[in-house]
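Visitor: Mind looking over this structure? Questions follow.
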Amino acid sequence: MKYSKLAVEILRDEEKSIYYDPVYHGRTLKVFGIDDDPLEVLKYLTNKYRELGYGAIIFDTHGKFPEEGFETVIKIEDGKPTGLDPIKIAKKGMMDLYSAVTVVQTVYELDRILTDRLYTDILQGKISSVPEAVKANEKYSEVILEGYTALDEAFYKGKPPKLGKSILVNLGDAHSVSVVGMAFLILSAIVEKRRGVMIGVDDVAVLAYTTAGSAAMPLLTRPARKRVTVLGTRYAIDSVLNIAGPTLLLYTDPDIQGVIYESNGVPPGAMRKYVHKGRGVLITRSTETINVEEGELPF
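See below:
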């Protein structure tokens with residue numbers, strides 16, 4: 001097997017090392033496991049890609065990822081200002097202006113006509129923030145207000161954060177799924193064009209639960225040169241299983257293991273190896289074959 005410079009050891013067996021290579025296997029790796037196992041894999045891969053000179057952008061729903069090595073740490077809490085107003089951020093040049101309007105459209109379910117009206121008002125300098133759009137007494141204001149809460153009002157307050165090469169987004173103290181989804185979408189829109197980074201998400205099933213969160217997924221999982229995305233989760237749900245890319249299956253319940261093998265097209269029989277604690281199975285696909293490699297976790 002030929003490997004690129006981005007290949008990292010992901011498993012070990014008695015005879016050889018087993019590598020995950022985003023160039024040959026796919027640039028989005030899905031990690032399924034139980035308890036903190038996916039998070040441990042995410043920590044391990046973050047360190048490996050740092051050794052290769054990559055930055056790290058981590059979305060952590062549990063608040064357990066260590067802060068060391070990050071230039072920027074953003075903590076999202078219900079009712080606390082974040083500065084993540086997409087319109088303000090676009091005005092600062094951190095995001096394309098129409099992308100910012102699309103974020104507002106997604107979060108508050110604006111139709112195309114109202115989205116274009118909001119975009120025009122921003123271009124003309126009438127609107128410079130989401131709270132201003134709410135108070136503008138326009139048709140889009142009425143629609144936004146249907147989903148706008150005090151948590152949203154607090155969320156948008158503050159100055160946009162300065163984002164370094166390595167960013168940790170701590171979502172562990174946020175309990176509102178709408179706040180978490182908004183933060184995930186807005187930050188994903190900011191970093192979607194970055195290169196030379198490993199993007200890590202745990203738990204991806206939780207973040208993809210909302211409309212805003214699911215809209216963020218294509219921004220992070222679209223294949224791109226000099227970028228790797230690692231999605232950790234404890235839930236074998238369709239929205240994650242259907243994302244293209246190789247799978248690292250860790251120890252979890254037998255029926256869940258079966259669902260993951262099935263979703264990857266692994267035929268019944270000897271290829272469906274039961275995964276024990278401390279071990280994993282890397283499932284990769286090509287246009288012609290399905291490969292299943294088993295080994296111990298290297299950490």
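In terms of my numbering, the sequence shown is residues 1 to 299.
Think of the CB as a built atom: it goes at the ideal place given N, C-alpha and C, for glycine as much as any other residue.
#1: From the DSSP output, which residues share a beta bridge with residue 29?
#2: Under 8 Å Cβ to Cβ from residue 195, same chain only, skipping five residues before and after it: list those, please.
#3: Out of curiosity, what's the CA-to-CA distance linking residue 90 and residue 96?
#4: Which first and last residues belong to the beta strand (DSSP E) in which residue 283 is found?
#5: Can you tell me where the alpha helix (DSSP H) holding residue 75 begins and where it ends?
#6: Could you spell out where the beta strand (DSSP E) holding residue 19 opens and where it closes?
#7: In chain order, which continuous runs of the beta strand (DSSP E) of length 3 or greater are located wholly inside the region 237–268?
#8: Answer yes or no: do residue 213 and residue 181 have a C-beta to C-beta separation smaller than 7 Å?
#9: Does the region 149–163 come into contact with the region 66–75, if we say contact requires no fewer than three beta-carbon pairs (one atom in each stretch) closer than 8 Å?
#10: Between the alpha carbons of residue 158 and residue 148, how many angstroms are there, rounded?
#11: Between the Cα of residue 154 and the Cα atoms of 85, 101, 79, which residue gives the shortest distance?
#12: Within a Cβ cutoff of 7 Å, which residues of the same chain sit near residue 265, ignoring the five residues on either side of it in sequence?
#13: Run through DSSP, which three-state label would residue 145 get?
#14: From residue 231 to residue 22, what distance separates their C-alpha atoms?
#15: So, does the CB of residue 76 fall closer than 7 Å to a CB anywhere in chain D?
#16: So, using beta-carbon positions, are residue 42 and residue 295 closer together than 7 Å?
#17: Just the Cα atoms here: how many angstroms apart are residue 175 and residue 270?
#18: Could you have a look at residue 68 and say whether DSSP puts it in helix, strand or coil?
#19: From the DSSP output, in three-state form, read off residue 40 for me.
#20: Here's the rule: buried if 16 or more other CB atoms are within 10 angstroms of the residue's CB, otherwise exposed. What is residue 170?
#21: Cα separation between residue 45 and residue 60?
#22: Leaving out the 5 sequence neighbours to the left and right, which residues in its chain are closer than 7 Å to residue 50 when beta-carbon positions are compared?
#23: What does the alpha-carbon distance come out to for the pair residue 190 and residue 110?
#24: On the DSSP letters alone, give me the boundaries of the beta strand (DSSP E) that residue 121 sits inside.
#25: Among the residues of its own chain, which have a CB less than 8 Å from the CB of residue 38, if the five just before and after it don't count?
#26: Give every residue of the same chain whose Cβ lies closer than 6 Å to the Cβ of residue 239, excluding the five residues on either side of it in the sequence, and list them in chain order.
#27: Report all residues from its chain with a CB closer than 8 Å to the CB of residue 298; omit the five preceding and five following residues, and keep chain order.
Guide: Taking the coordinates as given:
#1: 230
#2: 224, 225, 226, 227
#3: 6 Å
#4: 279–285
#5: It is not in any alpha helix (DSSP H) - residue 75 instead sits in the beta strand (DSSP E) that spans 72–75.
#6: 17–20
#7: 247–250
#8: yes
#9: yes
#10: 18 Å
#11: 79
#12: 290
#13: helix
#14: 13 Å
#15: The chain labelled as chain D is not found in the depicted structure, where only one protein chain is given.
#16: no
#17: 43 Å
#18: coil
#19: helix
#20: buried
#21: 14 Å
#22: 56, 69
#23: 21 Å
#24: Careful: residue 121 lies outside any beta strand (DSSP E), inside the alpha helix (DSSP H) at 112–123.
#25: 31, 32, 202, 203, 232, 233, 234, 250
#26: 208
#27: 9, 10, 11, 12, 17, 44
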